[in-house]
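For reference, the structure is listed below as C-alpha cells.
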Amino acid sequence: MPTLPRVRPMTSLAALTALAGCSGSAATPVTTAPTAAPPATTATSAAPAAAAGPLGAVDWANRTYEFTMFEGEGEMTYRVVGGETPTELAPSDPAFEWLAVEPPVYGDLDGDGVAEAAIVVVYNNGSERFNDKLLVYTAGPGGPRQLGVVYGGNRGDSGLGPITIRAGALVVTRFRGEPEDDPCQPSQQWIETWRWDGEFLSEDEAARRAEPRPMHAPRPRCAR
C-alpha cells in the first residue's frame, strides 16, 4: 500500500435524597440509595437501528473504505477489521499505514427523511502525527454512498471531537491547541455547523463559535 505524504467528528448523577414524614411525631427518615453514573460517552456514539434507517445495518467496523485522506491526493483503499487496519497486513513494519474508524453518528442531513451516517476516521503512517477526517454517507441503491467530507487535522494540536446531526445540520467540534498545551491536550475548541445544500457539504461560518474545551472532556485518540 502506498504511503501518503504527511500534512498538517447525559448522564445525570442522582443525589442522595432524604425524605422525612410528619404525623404528630417524628418519623424515621427514609433514604434512597445513590444511583451509579453510566460510563462517559465517547466522541461519537451509535444510534438504534430504527433511527439509523438503512445505514444502521452496515457493519462500519468491518468493511473496505475508499476515500481521499488528504486534500490534493488520490483516492486510497483501506480495509478495517474490528474498527481498525489489521496488523497482519504488515506485522514486521512499524511504519505501515494504519486507519481506525470511530462509531457512527446518525441523522437526516439532506432532508429526505432517511438518516445519514457521519464517521470520524483516524490515520497514521508510522510517524507521530495522527490525522483525522469526517466521512458522511447517505443510503444509496447499492449501499452507502459518500455524500461529503469534513477535513480534520493533526490530533496532536487539533483534529475532530464530538459530532452530532440535528435539525438538518452536522455539528462538528474541532479542537484547537495553544502553543503552551501538552500534545493531544488541546485547551480550545470550535463548534462548527455544516449543511448539505443539495450539491455540497459546506460550513456555515457565521454560526461558528470558539470556546474553551471542557476540562474533563475525552482526549482525542493519538496512539494506535
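Adding 10 to a residue's 1-based position in the sequence shown gives its number in this note's numbering.
The beta carbon of each residue, even a glycine, is placed where N, CA and C say it ideally should be.
Since the model is a prediction, treat every value here as computed from it, not as a measurement.
Query, Result
"Assign V111 to one of two classes, buried (16 or more other C-beta atoms within 10 Å of its C-beta) or exposed (fewer than that).", "buried"
"Going by beta carbon distance, what residues of the same chain come within less than 6 Å of D120, once the five residues before and after it are set aside?", "W206"
"Tell me the DSSP secondary structure of L119 in three-state form.", "coil"
"Kindly indicate which three-state DSSP category P154 falls into: helix, strand or coil?", "strand"
"Around the Cβ of N141, are there at least 16 other Cβ atoms within 10 angstroms (buried) or fewer (exposed)?", "buried"
"Where does P172 sit, in a helix, a strand or coil, going by DSSP?", "strand"
"Quick check on the burial criterion: 16 or more other C-beta atoms within 10 angstroms. Buried or exposed for F210?", "exposed"
"By the 10 Å Cβ neighbour count, where 16 or more other Cβ atoms means buried, how is Q156 classified, buried or exposed?", "exposed"
"Considering only C-alpha positions, which residue in the set A179, E215, G171, D192 is nearest to F185?", "G171"
"What are the residues that DSSP puts in a beta bridge with W108?", "N134"
"Taking Cβ positions, are P114 and A127 nearer each other than 8 Å?", "yes"
"Among the residues of its own chain, which have a CB less than 8 Å from the CB of S168, if the five just before and after it don't count?", "G162, R184, F185, R186, G187, P196"
"Give me the Cα-Cα distance between C232 and G93, rounded to the nearest whole angstrom.", "15 Å"
"So who's on the other strand from R186, going by DSSP bridges?", "Q198"
"When the Cα atoms are used, what is the spatial distance from E221 to E215?", "15 Å"
"By a C-beta neighbour count over all protein chains shown, 10 Å radius and 16 as the cutoff for buried, is G117 buried or exposed?", "buried"
"For G66, does the three-state DSSP call read helix, strand or coil?", "helix"
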